[in-house]
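Scroll down for the structure; my scribbles are underneath it.
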Amino acid sequence: MRPYPRLACGLALGAFALVAAATKMDVPADAAFDTRIKTLESELRCLVCQNQTLADSNASLAEDLRREVRDLALSGKNDSEIRAYLVARYGDFVLYDPPLKRTTWLLWIGPFALLAGGGMLWWTILRRREHAGTSTQRTTDPDAEARGRALLDDNDEPPHTL
Amino acid sequence: MIPELGHFALIVALLTALVQGILPMLGAAIREPRLMALARPAARAQFVLVALAFACLAWSFVANDFSVQNVATNSNSELPLHYRVAATWGSHEGSLLLWTLMLGGWSFAVTLFSKNLPAPMLARVISVMGLVSAGFLLFLLFTSNPFERLLPAAAEGRDLNPLLQDPGMVFHPPLLYMGYVGFSVAFSFAIAALLGGRLDATWARWSRPWTIVAWAFLTVGIALGSGWAYYTLGWGGWWFWDPVENASFMPWLTGTALIHSLAVTEKRGAFKSWTVLLAIIAFSLSLLGTFLVRSGVLTSVHAFATDPARGVFILAFLAIVIGGSLALFAYRAGKVGLGGTFALVSRASMLLANNVLLIVALASVLLGTLYPLFLDALNLGKISVGPPYFDTVFYPLMAPAAFLMGVGPLARWTRTPLPELAARLRWALGVAAATALVAPLLLGRWSLLVAFGLFLAFWIFATTVVNLRQRLLASPRRGVLGKLRANSASYYGMVLAHLGVGVFIIGVTLVKGYEVEKDVRLDVGESVALGGYDFKFVGVTPQPGPNYRALTGKVEVRKDGRLIETLAPEKRIYNASGQSMTIAAIDTGLLGDRYVSLGEPVSADATNIHGPWGVRIYLKPFVDWIWMGAFLMALGGFIAVSDRRYRLALKSRAARVFGDAVGHAGAD
Amino acid sequence: MKTVRWSIPLALFVVLIAFLWVGLGRDPREVPSPLIGKPAPSFALPQIHGDKPLSSAELRGKVWLLNVWASWCVSCRVEHPLLLQLAKAGIVPVYGLDYKDKPDDARAWLAQNGDPYTASIVDQDGRVGIDYGVYGVPETFVIDRSGIVRYKQIGPLSVDSLQEKILPLVRELQK
Chain A
1 MRPYPRLACG
11 LALGAFALVA
21 AATKMDVPAD
31 AAFDTRIKTL
41 ESELRCLVCQ
51 NQTLADSNAS
61 LAEDLRREVR
71 DLALSGKNDS
81 EIRAYLVARY
91 GDFVLYDPPL
101 KRTTWLLWIG
111 PFALLAGGGM
121 LWWTILRRRE
131 HAGTSTQRTT
141 DPDAEARGRA
151 LLDDNDEPPH
161 TL
Chain B
1001 MIPELGHFAL
1011 IVALLTALVQ
1021 GILPMLGAAI
1031 REPRLMALAR
1041 PAARAQFVLV
1051 ALAFACLAWS
1061 FVANDFSVQN
1071 VATNSNSELP
1081 LHYRVAATWG
1091 SHEGSLLLWT
1101 LMLGGWSFAV
1111 TLFSKNLPAP
1121 MLARVISVMG
1131 LVSAGFLLFL
1141 LFTSNPFERL
1151 LPAAAEGRDL
1161 NPLLQDPGMV
1171 FHPPLLYMGY
1181 VGFSVAFSFA
1191 IAALLGGRLD
1201 ATWARWSRPW
1211 TIVAWAFLTV
1221 GIALGSGWAY
1231 YTLGWGGWWF
1241 WDPVENASFM
1251 PWLTGTALIH
1261 SLAVTEKRGA
1271 FKSWTVLLAI
1281 IAFSLSLLGT
1291 FLVRSGVLTS
1301 VHAFATDPAR
1311 GVFILAFLAI
1321 VIGGSLALFA
1331 YRAGKVGLGG
1341 TFALVSRASM
1351 LLANNVLLIV
1361 ALASVLLGTL
1371 YPLFLDALNL
1381 GKISVGPPYF
1391 DTVFYPLMAP
1401 AAFLMGVGPL
1411 ARWTRTPLPE
1421 LAARLRWALG
1431 VAAATALVAP
1441 LLLGRWSLLV
1451 AFGLFLAFWI
1461 FATTVVNLRQ
1471 RLLASPRRGV
1481 LGKLRANSAS
1491 YYGMVLAHLG
1501 VGVFIIGVTL
1511 VKGYEVEKDV
1521 RLDVGESVAL
1531 GGYDFKFVGV
1541 TPQPGPNYRA
1551 LTGKVEVRKD
1561 GRLIETLAPE
1571 KRIYNASGQS
1581 MTIAAIDTGL
1591 LGDRYVSLGE
1601 PVSADATNIH
1611 GPWGVRIYLK
1621 PFVDWIWMGA
1631 FLMALGGFIA
1641 VSDRRYRLAL
1651 KSRAARVFGD
1661 AVGHAGAD
Chain C
2001 MKTVRWSIPL
2011 ALFVVLIAFL
2021 WVGLGRDPRE
2031 VPSPLIGKPA
2041 PSFALPQIHG
2051 DKPLSSAELR
2061 GKVWLLNVWA
2071 SWCVSCRVEH
2081 PLLLQLAKAG
2091 IVPVYGLDYK
2101 DKPDDARAWL
2111 AQNGDPYTAS
2121 IVDQDGRVGI
2131 DYGVYGVPET
2141 FVIDRSGIVR
2151 YKQIGPLSVD
2161 SLQEKILPLV
2171 RELQK
């Protein structure tokens, strides 16, 4: 039993990290120019209709900013340079993907810290219950105990219903 | 006169709610049967009064009474009848009245289906619901009166927001609220249990069906909202992690955790305090959602017009209700003691893991939704937290939960030897892995994300098959039908709901993995090809509607030269408000949607509608599986609740005498 | 001491309520300017009146206000009387940035409503506006002698915002 929990944790963390990374980078590097622009615009916030992405908004400022993004991309700027250009003018508000900085550290680390914490809590609770179970022997009759155990451990639907 | 009647009904309802909220609980505390007996009649009377008020408001809308402020602001005489009715809940005041109506309705339902509840328990449950109702009625009467008069009356109304003039408006809010508000029952049971000091498996048995029904309604409500956004907003998105969407999703996540936790508490008497906390949290999140939408602290497409007074009132209400509940929890929960024991590898431990994952996901969504507010409040700047954050955080948390969905039902409750479990799962693992590796190639392009998503979905399907087969084989009954009937509705509900999750995962994975879009300028008669389909733009003609003028486009969809569908995307201008709307046209299919919407005319003369237009075309593979999956989940919930044990418990009066025995004797 | 563990949800909730309470007083739609404390973006644009273009370099050495306005902007009418008063008082020069507007419309509007601007530049395609992080009209910037942006007023000017924030700042910068 010993190696399984550690193995399971390792696998879980690995899979977790893999999925997180894959979610972020699923656009292939050689995607067409238009797709790249579209992806970039869908991660920027329209400042006028603040509940739409730059890609979707019909606001006049959104059209202007889309034009700026396109011009910058055509002039050879990469994605982070384009984002930096907009952040210099409008602040972090314009990014739907919050940058990792001192003030957003809690935001980004939070979920993973909570998961680790939750995992430890889960482990502790189970450990405690396992010990509690073995330390209280209700009966000294081994047959009764075996039958009781069998009843408890069985799948919850017996042949007859209630 | 009718509005005044409605207003009066609300006032009397408030008084009734106060009676309902205070006297029965007092009766339970001092063991006075006559006070406790007030619970049922008070709750029923309160519901009737609120229903009367609601009917008065609805009547004002239907009859176009523009001397009522609410009607004048949100309706119009040209508005079709069903939208005039829906406009009743189209405003802050009206939707709050709907909330209160639902709360009354759920209280009424509790009075009907509670013959087995001991009187003190019922009294406390009804009282708690009464107090919450009283809070909402106070809020309505003091800050959000739907019956406010507009004198002199307006000649015509300002019209319902065109975005809301849609069948979605007729169904989405009521069903969503049924779920949202329905968690108040589980909440009330939890508070009643804490107050009465009685926290056992029987309590879980009573709470569980109420929770499942509320959860099922919430599932449908959220799915409808998502589907509505999909075809209304014009670019085929179905989930935006918008604060108000999150406000409905967080109770859903909690509700899902609660249903699973209740199962453990009911069957093994474990996790009692945790389950009670979840019940409190679920409804608290419903209330928090109500606050977020109506207070103006967050920007959202859904937000109602805000007023500082309202925000303060709801916040105070939140502080009292949730703060009070959590204080009660802090005081009483510790006295309950440890529940059953189980091993590391067991169904119970996996359900606990499921809870951990769901609650961490919930906390993450809450964190992301409120983080901009946190930073702003601390003067640390303004940021935005959107889909890139939520997607990155949410999917990795849900993936293990989906994986456990396959393992849990196959494990025994208290301990399962790992080799035995692994042996049962081997085949399912193989099937899922094989599908994950091969299917993406068949669908066009291999991608890790698609493979992973398909793996999870087929893992769920395969393990469900293994589970079902195992049960049928183990049954001593004769014949397939006999064996199938041996399993309870509760079991089939679970199976269906889990299958629904698998279907949902397929929809999300394939749409995200393979959707394509083309945004082009098309001359009249010009075609564009996308994904094996041919889209021909035939032109745009003006067409009048009941309360709008439309420009209706015509796009012919062909595959292999054969015409399969003619789509009619529209651009509408509504007469009363002058607002414009883009209505997409969708060719729905089991394997995917073809989605077309009009942009703007792109002639040199912008008013020339008979020239070329900008057209947006999307191909959305398997997108409808998203909502099909959600409906399967909800259906599973409803089926689970139809289980014999709940109906038996209703019918048998004698069972009341043996209350506890009923709770523990049944092996399921 | 077991109560401590069970009190955690309550404690977290109290913190949440505190934040929500503060949040009620904030406007989530307002986007603060990242230019505060940074050099004002340079521009060289044609003026509304006359042919000579105006460049930001010419404005070094004095404290000035940049008011973003347009003839199509409704809220601008609300603050216009205040701008006229400010111009008459002569405390600080106000330069206008005519944002995404037709020069003819702009001239007509000023003729009709009064011209408080020392000079008004025309930003027809909105590029300078983007450099300044303009996302709505009207907006007003306070810029000091070295060309650093010191304050941004989002939305129309009001008596309060002038008396409590802008004028004291201007007086401070002019020392």
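Protein chains in written order, with the numbering used here: chain A, 1 to 162; chain B, 1001 to 1668; chain C, 2001 to 2175.
Glycine residues also receive a C-beta, built at the ideal position from the N, C-alpha and C atoms.
Thinking residue i and residue j are a contact (beta carbons under 8 Å), I'd like their distance in whole angstroms, please.
| i | j | result |
| --- | --- | --- |
| A:GLN52 | C:ARG2029 | No, A:GLN52 and C:ARG2029 are not in contact; Cβ-Cβ is about 13 Å, not under 8 Å. |
| B:PRO1162 | B:GLN1579 | 5 Å |
| B:VAL1669 | B:ILE1626 | With chain B represented from 1001 up to 1668, any question about residue 1669 of chain B goes unanswered, as that position is not in the structure. |
| B:MET1102 | B:VAL1048 | Between B:VAL1048 and B:MET1102 the Cβ distance is about 14 Å, and since that is not below 8 Å, they are no contact. |
| B:VAL1555 | B:VAL1538 | 7 Å |
| B:ALA1013 | B:LEU1137 | 6 Å |
| A:LEU100 | B:VAL1360 | Contact flag wrong, Cβ pair sits at about 20 Å. |
In the DSSP assignment, find the unbroken alpha helix (DSSP H) run with residue i in it and report its ends.
| i | result |
| --- | --- |
| B:LYS1267 | 1243-1268 |
| B:PRO1601 | Run containing B:PRO1601: none in the alpha helix (DSSP H); it sits in the beta strand (DSSP E), 1592-1601. |
| B:TYR1177 | 1167-1196 |
Does residue i get closer than 8 Å to chain B when you measure Cβ to Cβ?
| i | result |
| --- | --- |
| C:SER2007 | yes |
| C:PRO2168 | no |
| A:TRP122 | yes |
| A:ARG67 | no |
| C:ILE2017 | yes |
Could you tell me whether any Cβ in chain C is nearer than 8 Å to the Cβ of residue i?
| i | result |
| --- | --- |
| A:GLY91 | yes |
| B:LEU1285 | no |
| B:LYS1669 | Only positions 1001 to 1668 of chain B appear in the structure, and residue 1669 of chain B is not among them; the question remains open. |
| B:LEU1277 | yes |
| A:VAL48 | yes |
| A:LEU100 | no |
| B:PHE1187 | no |
| B:GLY1334 | yes |
From the DSSP output, in three-state form, read off residue i for me.
| i | result |
| --- | --- |
| B:PHE1622 | coil |
| C:TRP2069 | strand |
| A:ASP64 | helix |
| B:LEU1563 | strand |
| C:VAL2149 | strand |
| C:VAL2004 | helix |
| B:ARG1549 | strand |
| C:VAL2092 | coil |
| C:ASP2131 | helix |
| B:ALA1604 | coil |
| C:GLU2172 | helix |
| B:MET1405 | helix |
| A:PHE112 | helix |
Does residue i have its Cβ less than 8 Å from a Cβ in chain A?
| i | result |
| --- | --- |
| C:VAL2074 | no |
| C:PRO2138 | no |
| C:ASP2105 | no |
| B:LEU1598 | no |
By the criterion of Cβ-Cβ separation under 7 Å, what are the contact partners of residue i in chain E?
| i | result |
| --- | --- |
| C:ARG2029 | Annotation note: the requested chain E is absent from the structure, which comprises protein chains A, B and C. |
Counting along the chain, where does the beta strand (DSSP E) carrying residue i start and finish?
| i | result |
| --- | --- |
| B:ASP1376 | Segment 1347-1377 is the alpha helix (DSSP H) holding B:ASP1376; no beta strand (DSSP E) there. |
| A:SER57 | Per DSSP, A:SER57 belongs to no beta strand (DSSP E) and is neither H nor E. |
| B:PHE1535 | 1533-1544 |
- Members of the segment 1384-1410 of chain B near chain C, C-beta cut-off 8 Å: Cβ contacts with chain C come from no residue of the segment 1384-1410 of chain B.
- Query: Which residues, taken in chain order from the segment 1342-1372 of chain B, show a beta carbon closer than 8 Å to some beta carbon of chain C?
  - Reply: Answer in chain order: LEU1370 and PRO1372.
- Residues from the segment 2124-2148 of chain C in contact with chain A, defined by Cβ distance under 9 Å: Within the segment 2124-2148 of chain C, the residues whose Cβ lies closer than 9 Å to some Cβ of chain A are ASP2125, GLY2126, ARG2127, GLY2129, ILE2130, ASP2131, TYR2132, GLY2133, VAL2134, TYR2135 and GLY2136, listed in chain order.
- What residues from the segment 1307-1330 of chain B come within 8 Å of chain C, judged by C-beta to C-beta, listed N to C? When C-beta distances to chain C are compared with 8 Å, the residues of the segment 1307-1330 of chain B below that value are PRO1308, GLY1311, VAL1312, LEU1315, LEU1318, ALA1319, ILE1322, GLY1323, LEU1326, ALA1327, PHE1329 and ALA1330, in chain order.
- Message: If the cut-off is 9 Å on Cβ atoms, which residues from the segment 2030-2059 of chain C count as contacting chain A, listed in chain order?
- Response: Listed in sequence order: VAL2031, PRO2032, SER2033, PRO2034, LEU2035, LYS2038 and PRO2041.
- the segment 1224-1251 of chain B: positions lying closer than 7 Å to chain A by Cβ: From the segment 1224-1251 of chain B, only TRP1235 and ASP1242 have a Cβ closer than 7 Å to chain A.
- Task: Please name the residues in the segment 1530-1541 of chain B whose beta-carbon is closer than 8 Å to at least one beta-carbon of chain C, in chain order.
- Result: Within the segment 1530-1541 of chain B, no residue has its Cβ closer than 8 Å to any Cβ of chain C.
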